[in-house]
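S.K.:
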Amino acid sequence: MANATNLHLVRVTTDDREHQLWVAAAPREEAVTQVLNAIPEGWTAALLSNRLKPAEVEALNMKAGEVRELTLNRQVPKPRAN
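Numbering (the numbering used here), first residue to last: 684 to 765.
1. Under 8 Å: do the segment 712-721 and the segment 732-743 share three or more Cβ pairs, one atom per stretch?
2. Under DSSP, the alpha helix (DSSP H) around ALA721 begins and ends at which residues?
3. Rounded to whole angstroms, what is the Cα-Cα separation between HIS691 and GLY725?
4. Taking all protein chains shown into account, do 16 or more other C-beta atoms lie within 10 angstroms of the C-beta of ALA742, making it buried, or fewer, making it exposed?
5. Using the Cβ count rule (16 or more neighbours within 10 Å means buried), how would you classify ALA729?
6. Please name the residue, chosen from LEU753, ARG700, ASP698, GLY748, that lies closest to ALA708 on a Cα-to-Cα basis.
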């Protein structure tokens, strides 16, 4: 199966109101639905207007119908109370 070239960015909002960045290798009108099928119930997803560069699409090496989270899961240390 050939790599998908039709990738769309989707912003996911978790129950904790945190945002994640996902990518869907699907037609634009199906991207949000594909991501919603991959995330926990109750989370929301919104299509972004941002576009990936051709080199980024190639580097992701995704197949049609695939979805993937792109967010770096970095824990930001909370400030210490003095």
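The C-beta atom is built at its ideal place from N, Cα and C for all residues, glycine as well.
M.R.: Straight from the coordinates:
1. By the C-beta criterion, the segment 712-721 is judged not to be in contact with the segment 732-743, since fewer than 3 inter-stretch pairs fall below 8 Å.
2. Premise fails: ALA721 is in no alpha helix (DSSP H) and is neither H nor E.
3. Cα to Cα, the separation comes out at about 21 Å.
4. exposed
5. exposed
6. Checked all of LEU753, ARG700, ASP698, GLY748; the closest Cα to ALA708 is GLY748.
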